[in-house]
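Letter 109 of the sequence shown, counting from 1, is numbered 113 in full-length UniProt numbering, and no numbers are missing. Every residue gets a Cβ at the ideal spot worked out from N, C-alpha and C, and that includes glycine. As the structure is a computational prediction, the values presented were derived from the model and not from experiment. Worksheet for the structure shown next.
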Amino acid sequence: VWRRESLQKLTDKSKPQQRLRSRDWFANTERMDMTALYLERFMNYGVTPEELRSGKPIIGIAQSGSDLSPCNRIHVELAKRVRDGIRDSGGIPIEFPVHPIFENCRRPTAALDRNLLYLGLVELLNGYPLDGVVLTTGCDKTTPSQIMAASTVDIPAIVLSGGPMLDGWHEGELVGSGTVIWRSRRKLAAGEISEEEFLDRATDSAPSAGHCNSMGTASTMNAVAEALGMSLTGCAAIPAPYRERGQYAYRTGRRIVEMVEENLCPSRILTREAFLNAIAAVSVLGGSSNAQPHIQAMAAHAGVPLEPDVWQEHGYDLPLLVNMQPAGAYLGERFHRAGGVPAALWELLQAGKLYGDCLTCTGHTMAENLKGRESRDREMIRPFADPLMEKAGYLVMTGNLFDFGILKTSVISEEFRQRYLSRPGAENVFEARAIVFDGSDDYHHRINDPALQIDDNCILVVRGAGVIGWPGSAEVVNMQPPDALIRAGTQWLPTLGDGRQSGTSDSPSILNTSPESAVGGGLAWLRTGDVIRVDLNEGTCNALVEGDEIARRLEHEPAPPIPQSNTPWEELFREKTGQLGSGGVMDFALKYRGTSKKLPRH
Ligand code: FES
Ligand code: MG
Numbered sequence: 005v006w007r008r009e010s011l012q013k014l015t016d017k018s019k020p021q022q023r024l025r026s027r028d029w030f031a032n033t034e035r036m037d038m039t040a041l042y043l044e045r046f047m048n049y050g051v052t053p054e055e056l057r058s059g060k061p062i063i064g065i066a067q068s069g070s071d072l073s074p075c076n077r078i079h080v081e082l083a084k085r086v087r088d089g090i091r092d093s094g095g096i097p098i099e100f101p102v103h104p105i106f107e108n109c110r111r112p113t114a115a116l117d118r119n120l121l122y123l124g125l126v127e128l129l130n131g132y133p134l135d136g137v138v139l140t141t142g143c144d145k146t147t148p149s150q151i152m153a154a155s156t157v158d159i160p161a162i163v164l165s166g167g168p169m170l171d172g173w174h175e176g177e178l179v180g181s182g183t184v185i186w187r188s189r190r191k192l193a194a195g196e197i198s199e200e201e202f203l204d205r206a207t208d209s210a211p212s213a214g215h216c217n218s219m220g221t222a223s224t225m226n227a228v229a230e231a232l233g234m235s236l237t238g239c240a241a242i243p244a245p246y247r248e249r250g251q252y253a254y255r256t257g258r259r260i261v262e263m264v265e266e267n268l269c270p271s272r273i274l275t276r277e278a279f280l281n282a283i284a285a286v287s288v289l290g291g292s293s294n295a296q297p298h299i300q301a302m303a304a305h306a307g308v309p310l311e312p313d314v315w316q317e318h319g320y321d322l323p324l325l326v327n328m329q330p331a332g333a334y335l336g337e338r339f340h341r342a343g344g345v346p347a348a349l350w351e352l353l354q355a356g357k358l359y360g361d362c363l364t365c366t367g368h369t370m371a372e373n374l375k376g377r378e379s380r381d382r383e384m385i386r387p388f389a390d391p392l393m394e395k396a397g398y399l400v401m402t403g404n405l406f407d408f409g410i411l412k413t414s415v416i417s418e419e420f421r422q423r424y425l426s427r428p429g430a431e432n433v434f435e436a437r438a439i440v441f442d443g444s445d446d447y448h449h450r451i452n453d454p455a456l457q458i459d460d461n462c463i464l465v466v467r468g469a470g471v472i473g474w475p476g477s478a479e480v481v482n483m484q485p486p487d488a489l490i491r492a493g494t495q496w497l498p499t500l501g502d503g504r505q506s507g508t509s510d511s512p513s514i515l516n517t518s519p520e521s522a523v524g525g526g527l528a529w530l531r532t533g534d535v536i537r538v539d540l541n542e543g544t545c546n547a548l549v550e551g552d553e554i555a556r557r558l559e560h561e562p563a564p565p566i567p568q569s570n571t572p573w574e575e576l577f578r579e580k581t582g583q584l585g586s587g588g589v590m591d592f593a594l595k596y597r598g599t600s601k602k603l604p605r606h
């Protein structure tokens, strides 16, 4: 069906022909001298001047894979299939690198790179003769950054996910990337495994090319791209080494040429309804808490106002349907075999919780794409009426410590619920003594200090981990209890912080709090020993400290330390980037939208 439809579209001569922006470079009769200059260097690898001047659309392949970006490295291979697809549809492929991002290895945090890749890609898409682009995505921030850039420039763009790794197995047990680290870390602290065993568990969780195989930020954001309508139906969940991955690469290449002919730009796809669909998808997937700033940022660059409460209003009431680590049991291969993202979205559509009319990159509506996509593996993708958990989305929190924070409820364990959220007469309410750390080094140095007397009535707080404080905002809020407490059976303490946490973490944290302590948020005046009251019914988190005392601390006690910037970009990033609650975007960039409509001068 897909082939027939695309052939029909290709041969539909009734469509008005677009003047391609690349023509201004390669077929400019007024400035023949410039055209000659532009043309000569492309001949070196088989593109002829005649072809470049012929009016064929020139399609960029934004290459995010490299040795520095191993989660996306499969794209180095996939790009060949993309090229074939582009060629077979009559386009000319031009592949180029984008700023590499590798979540795990980048210091002080890969979060510095999302906006950097964004800035770089805007310049590439805007300043070169490109009529459309294939965005190659995978590792966490490589997806939102590229969609943000495509939005700003607004040329036809389609996402090709690299796909997750194969499932990880260790001694007969499924071990998901990331999640296995947090779980093994607790086992190590409890003395249940050796350091060698820890390393074995970690490497076993990563058996092939691909991005994280759990429902961490990578799987979440690629699913979000699909839910937004930015990638072919069924693209996100195909494991990187599977045959279908190469086929989708080819089809993505074919489709982007058609999208150029149809002038199907991101501004026609990325509507408010599309973003609400993405938020709903994150809820039923048990998706990463990093989806909050990333979706917020993509919406901001698309010019779609998304008030922070939208996370609770359009996501919290939805159930958890996808049984994938860290909220569930399985990993990416089974998710794909069970039907992947379309099957999860199908449940939402049937339940009336998805906007089916949204236009997608396929040229069809979301509802049309999802026809016949019901899952047959009900252990993996549960029916809407029989979920893994009711009300499993994000709670939006507020109080005297911050204006905005979120709590991912799908990872709250039964053990944690029993201990903190089930007091008779005060369900979902608890009070705890704060233990405050200035950044993660301070946490690691002091967490096992007996003088802190940390017990089950404590909440671990980390500050200085936000956009400005870190800088970049670090994944450090998922702090584990002291070793002694873990050995005594406490797997989780409540945690709170102005940083983020890994999407693969199962920590019940209040995080992404904005404003952060480094810009005067309430965590700055919080002290170890203060009592914090968390009320999930009201969505509040308050330190029980009198106003006079807060004022005294602010006036007489020093503000928490902030490290100096170490690179030029860190300094510029700090100057220009906003808080996590509004997506951590560079506000000044939001006024640039649809830049491709105005051609850059020679
Ligand atoms: Fe790159 Fe998880 S670390 S996808
Ligand atoms: Mg991450």
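Start and end of the alpha helix (DSSP H) containing M370?
Position 366 of the sequence shown, counted from the first residue, corresponds to residue 370. M370 to N373 is the extent of the alpha helix (DSSP H) around M370.
Can you give me the Cβ contacts of M590 inside the same chain, cut-off strictly under 7 Å, excluding the 5 residues immediately before and after it?
Position 586 of the sequence shown, counted from the first residue, corresponds to residue 590. Taken in chain order, the residues that qualify are N119, K580 and T581.
Just how far apart, CA to CA, sit T517 and P572?
Numbered from its first residue, the sequence shown carries residue 517 at position 513. Numbered from its first residue, the sequence shown carries residue 572 at position 568. Rounded to whole angstroms, T517 to P572 spans 26 Å at the Cα level.
What do you reckon, is the C-beta of A222 under 6 Å from a heavy atom of the ligand FES?
If you number the sequence shown from 1, residue 222 lands on position 218. Correct: A222 has its Cβ closer than 6 Å to the ligand FES.
Name the two residues that bound the continuous alpha helix (DSSP H) containing G89.
Position 85 of the sequence shown, counted from the start, is the residue given in the question as residue 89. From DSSP, the alpha helix (DSSP H) with G89 extends over I78 to D92.
Considering only their Cβ atoms, is the gap separating A244 from I78 smaller than 7 Å?
Position 74 of the sequence shown, counting from 1, holds the residue named residue 78. Position 240 of the sequence shown, counting from 1, holds the residue named residue 244. For I78 and A244, yes; Cβs fall inside 7 Å.
Taking C-beta to C-beta, are G503 and A547 nearer than 7 Å?
By one-based count along the sequence shown, residue 503 stands at place 499. By one-based count along the sequence shown, residue 547 stands at place 543. No.
What residue range is occupied by the uninterrupted alpha helix (DSSP H) comprising T146?
Here residue 146 refers to the residue found at position 142 when the sequence shown is read from its first residue. Note, T146: alpha helix (DSSP H), T146 to V157.
With H, G and I counted as helix, E and B as strand and the rest as coil, what does DSSP make of R437?
On the sequence shown, residue 437 is found 433 positions in, with the first residue counted as 1. Of the three classes helix, strand and coil, the one that applies to R437 here is strand, per DSSP.
Quick one: Cα of E248 to Cα of P297, how far?
Along the sequence shown, one-based indexing puts residue 248 at 244. Along the sequence shown, one-based indexing puts residue 297 at 293. Computed Cα separation, rounded: 31 Å.
Any heavy atom of the ligand PLP inside 6 Å of the beta-carbon of G336?
The ligand PLP is absent from the structure shown, which contains only the ligand FES and the ligand MG.
DSSP state of I554, grouped into three classes?
The sequence position of residue 554 within the sequence shown is 550, counting from 1. Helix, per DSSP.
Give the secondary structure of G598 by DSSP, where H, G and I count as helix, E and B as strand, and everything else as coil.
The residue given as residue 598 occupies position 594 in the sequence shown. Looking at G598 - three-state DSSP - the assignment turns out to be coil, as it is neither helix nor strand.
From the DSSP output, which residues share a beta bridge with A66?
Within the sequence shown, numbered from 1, the residue matching residue 66 stands at position 62. In the DSSP output, where bridge partners are listed per residue, A66 has F100 and L139.
In angstroms, rounded to a whole number, what distance separates the CA positions of S73 and F106?
In the sequence shown, the residue the question calls residue 73 occupies position 69. In the sequence shown, the residue the question calls residue 106 occupies position 102. Going by the C-alpha atoms only, they are around 5 Å apart.
So T499 is in the beta strand (DSSP E); what residue range does that whole segment cover?
Locating residue 499 in the sequence shown gives position 495, counting from the first residue. First-last of the beta strand (DSSP E) with T499: T499 to G501.
Please tell me whether, using a cut-off of 6 Å, the distance from the CB of C143 to the nearest non-hydrogen atom of the ligand FES is below it.
As a working note, residue 143 is residue 139 in the sequence shown. Within the cutoff, so yes.
Is S506 near E479, with beta carbons less than 7 Å apart?
If you number the sequence shown from 1, residue 506 lands on position 502. If you number the sequence shown from 1, residue 479 lands on position 475. Yes. Within cutoff.
Taking its Cβ as the centre, do 16 or more other Cβ atoms sit within 10 Å of P428, making it buried, or is it exposed?
The residue labelled residue 428 in the question sits at position 424 within the sequence shown. With fewer than 16 other Cβ atoms within 10 Å, it is exposed.
Using three-state DSSP, classify I162 as helix, strand or coil.
Numbered from 1 along the sequence shown, position 158 holds the residue referred to as residue 162. Note: I162 maps to strand in three-state DSSP.
Can you determine whether any heavy atom of the ligand FES sits closer than 6 Å to the C-beta of E107, and answer yes or no?
The residue given as residue 107 occupies position 103 in the sequence shown. Indeed, a heavy atom of the ligand FES lies less than 6 Å from the Cβ.
Can you tell me where the alpha helix (DSSP H) holding Y398 begins and where it ends?
Reading the sequence shown from its first residue, position 394 is the one you call residue 398. Run containing Y398: none in the alpha helix (DSSP H); it sits in the beta strand (DSSP E), Y398 to M401.
Just checking H79 against the ligand FES - is the residue's beta carbon closer than 6 Å to any of the ligand's heavy atoms?
On the sequence shown, residue 79 is found 75 positions in, with the first residue counted as 1. Checking every heavy atom of the ligand FES against the Cβ of H79, none is found closer than 6 Å.
Is any heavy atom in the ligand FES found nearer than 6 Å to the beta carbon of C545?
Here residue 545 refers to the residue found at position 541 of the sequence shown. Checking the Cβ of C545 against the ligand FES gives no.
Whose CA, out of L489, A438, W474 and S511, lies closest to the CA of T532?
Position 528 of the sequence shown holds residue 532. Nearest C-alpha to T532: A438.
I'd like to know whether the C-beta atoms of C109 and H215 end up nearer to each other than 7 Å.
Along the sequence shown, read from residue 1 onward, the residue named residue 109 stands at position 105. Along the sequence shown, read from residue 1 onward, the residue named residue 215 stands at position 211. Cβ atoms of C109 and H215: not closer than 7 Å.
Sort G176, E351 and V314 by Cα distance to V326 and report the nearest one.
The residue labelled residue 326 in the question sits at position 322 within the sequence shown. The shortest Cα separation from V326 among G176, E351 and V314 belongs to E351.
How about H340: is its Cβ closer than 6 Å to a heavy atom in the ligand FES?
Residue numbering aside, residue 340 sits at position 336 when the sequence shown is read from its first letter. Answer for H340: no, Cβ out of range of the ligand FES.
Is it buried or exposed for G336, if we count other Cβ within 10 angstroms and need 16 for buried?
For the purposes of this step, residue 336 is taken as the residue at position 332 of the sequence shown. With 16 or more Cβ atoms within 10 Å of its Cβ, G336 is classed as buried.
So which of T39, A347, Q457 and R255 has the shortest CA-CA distance to Y132?
Position 128 of the sequence shown, counted from the first residue, corresponds to residue 132. Nearest C-alpha to Y132: T39.
I'd like the ranges of any alpha helix (DSSP H) spanning at least 4 consecutive residues and lying wholly in the region 283-315.
Fully enclosed alpha helix (DSSP H) runs of 4 or longer: 295-305.
What are the partner residues of T581, as DSSP defines its beta bridges?
In the sequence shown, residue 581 corresponds to position 577, counting from 1. In the DSSP output, where bridge partners are listed per residue, T581 has M590.
Could you compute how far the alpha carbon of P498 sits from the alpha carbon of I410?
If you number the sequence shown from 1, residue 498 lands on position 494. If you number the sequence shown from 1, residue 410 lands on position 406. Answer to the nearest angstrom: the Cα atoms are 13 Å apart.
First and last residue of the alpha helix (DSSP H) that includes I273?
For the purposes of this step, residue 273 is taken as the residue at position 269 of the sequence shown. P270 to I273 is the extent of the alpha helix (DSSP H) around I273.
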